[in-house]
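In the numbering used here, each residue carries its 1-based index in the sequence shown increased by 6.
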Amino acid sequence: MANAASRKAHKQAAAEGIQLIVRNKRVTHDYEILDSMEAGLVLAGSEVKSLREGNVQFADAHARLDDAGECWLYNLHIGEYRQAGIFNHLTTARRKVLLQRRELKRLIGTLQTKGLSLVPLRLYFKRGWAKMELCVVRGRKHEDKRRHLQNQARDRDIQRELARRLK
Numbered sequence: 007m008a009n010a011a012s013r014k015a016h017k018q019a020a021a022e023g024i025q026l027i028v029r030n031k032r033v034t035h036d037y038e039i040l041d042s043m044e045a046g047l048v049l050a051g052s053e054v055k056s057l058r059e060g061n062v063q064f065a066d067a068h069a070r071l072d073d074a075g076e077c078w079l080y081n082l083h084i085g086e087y088r089q090a091g092i093f094n095h096l097t098t099a100r101r102k103v104l105l106q107r108r109e110l111k112r113l114i115g116t117l118q119t120k121g122l123s124l125v126p127l128r129l130y131f132k133r134g135w136a137k138m139e140l141c142v143v144r145g146r147k148h149e150d151k152r153r154h155l156q157n158q159a160r161d162r163d164i165q166r167e168l169a170r171r172l173k
């Protein structure tokens, strides 16, 4: 049943012109996702070419709002593009996140709550443009992580039993 849903999501993404580059799997384990939004990134040409090769890591990546009301992405490691030579980019430079003004205002209000952070969930190309799914998250404690894993296992067992009975 999960495979059918996965295939359907993949077909829908292909129809929308989405090409997934990388997904941050730790986010769903370490954090509780409260809200998510699509955002663009300001990138140099060598960064885009390096992304197309899949040369990116965002294990420690996070976003912050500065005093001017702009959103910046930190610790996103985009590897160097071999053919760029001396015109290569900095691998871990901060990068500007492109959001609409109303989304920025909503984020400013939301992030004033203590314990909330902005973390990228996935990075992808949509119709040729580099996009990112940015999530407002709250950190999980060790007990919460354990309880979440137990609930996932229980739900998986229930789905398996239902599928077996429906055969």
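Glycine is no exception: its CB is placed at the ideal position from the N, C-alpha and C atoms.
Please classify residue i as buried or exposed, where buried requires at least 16 neighbouring CB atoms within 10 angstroms.
i    : result
Y80  : exposed
I164 : exposed
A74  : exposed
A45  : buried
E53  : buried
E167 : exposed
N30  : buried
M7   : Annotation note: pLDDT 47 at M7 (below 50); position unreliable, no value reported.
Can you check which of these residues, the options, is closest to residue i by C-alpha distance?
i    : options                : result
L127 : E59, N157, D66         : D66
E139 : H154, I92, V28         : V28
M43  : Q106, R146, R162, E22  : Q106
K55  : F93, H154, L172, V33   : F93
E86  : A50, F131, G134, L155  : A50
T98  : H83, R88, E109, G91    : H83
L122 : R171, A159, L40, E22   : L40
G115 : L71, V33, R88          : L71
K120 : C141, F131, R108, G145 : G145
G60  : F131, E149, R162       : F131
If the criterion is Cβ atoms closer than 8 angstroms, does the pair residue i and residue j meet it?
i    : j    : result
W78  : R101 : yes
A136 : L57  : yes
E38  : V143 : yes
H35  : K151 : yes
L117 : F64  : no
L104 : L47  : yes
G23  : R133 : yes
V33  : C141 : yes
Give me the DSSP bridge partner(s) of residue i.
i    : result
L71  : C77
L105 : L105 pairs with nothing; no bridge assigned.
D38  : Per the sequence shown, the amino acid found at residue 38 is Glu instead of Asp. DSSP, once it has assigned bridges, lists R144 as partnering E38.
Y87  : Note: Y87 sits in no beta bridge, so no partner.
G4   : This structure gives no information on residue 4, because the portion of the chain shown stretches from 7 to 173.
Q25  : F131
L122 : R144
V33  : Paired residue(s): none; V33 is not in a bridge.
V62  : I84
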